[in-house]
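Take the sequence shown: its letters are residues 67 to 259, numbered as in the numbering used here.
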Amino acid sequence: MLRRIYDWCVAAADKPYALWIMGAVSFAESSFFPVPPDVMLIPMSLARPNKAWLYALVCTITSVAGGVAGYAIGALLYDSLGQWLIQLYGLGDKIDGFRAAYAEWGALIIIGKGLTPIPYKLVTIASGFAGYNLLLFVLCSIIARGGRFFIVAILMNRYGPWIKAQIEKRLGLWVALGAIVLALGFVIAIKAF
């Protein structure tokens, strides 16, 4: 099954809808969806290393737009949808501490957590809930998310053939490592939140 998904993503790199799907996943991941866009960004960039920059740009733009949606959830819908999402991730009792930290360290929190595997949707919702300056939030999000996705683009563009050979040789191992990193991101978010 993993091989079929990977092969589909690589083959889809030539399809006109692939960019739209990747953008939709990137948007959704920043506001409510648990799967990061890297599951499409990496295979598509491996298939077309010369387009890795475009893919990173699309992920950045759609992730920041999704971040604004997450911010709106936190700012406008926290009492219903936002609180439910925070509770879903088991962080309801830590939101007040996070809000206090925003008063002092908001930009560093957004940039730091936006570059890591910590679920970015938690940062976007908390930013809205904390009433963090929207313009500064967008700027920090561009830096963090752009940094993250363009690092992937640099690696795929420069070392794509070698990375592709390693992934294809040990696909199960790399998927397992990715899942572990994602799970650790949630654990770190719960501990650090």
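Backbone N, C-alpha and C fix where the C-beta goes; we use that ideal spot for every residue, glycine too.
- In this model, P102 and I246 are separated by some 13 Å (Cα to Cα).
- For V105, the three-state secondary structure derived from DSSP is helix.
- The alpha-carbon of W74 is positioned some 41 Å away from that of W171.
- Contact between A90 and F215 fails: their C-beta atoms lie close to 15 Å from each other, not under 8 Å.
- Secondary structure remark: continuous beta strand (DSSP E) runs of at least 3 residues inside the stretch 177-244: none found.
- DSSP places D80 in the coil class of the three-state scheme, outside both helix and strand.
- Assignment of L120 by DSSP, reduced to helix, strand and coil, places it in the helix class.
- R70 sits in a helix when the DSSP states are folded into three classes.
- In this structure, S193 sits away from G132, with a CB-CB distance that is not shorter than 9 Å.
- The continuous stretches of alpha helix (DSSP H) do not include L143, and DSSP gives it neither H nor E.
- Between the C-alpha atoms of I127 and T182 there is a straight-line separation of about 18 Å.
- Here DSSP, grouped into helix, strand and coil, assigns F164 to helix.
- Take the alpha-carbon of S92 and the one of L151: they are about 18 Å apart.
- Pairing A118 with G226 gives a Cβ-Cβ distance under 9 Å.
- Annotation for A141: G194 place their beta carbon closer than 6 Å to its own, counting only its chain and skipping 5 residues before and after.
- When secondary structure is reduced to three states using DSSP, P100 falls in the coil class, being assigned neither helix nor strand.
- Distances from the CA of Y168 to each of F203, S111, A138 were compared; the closest alpha carbon is that of F203.
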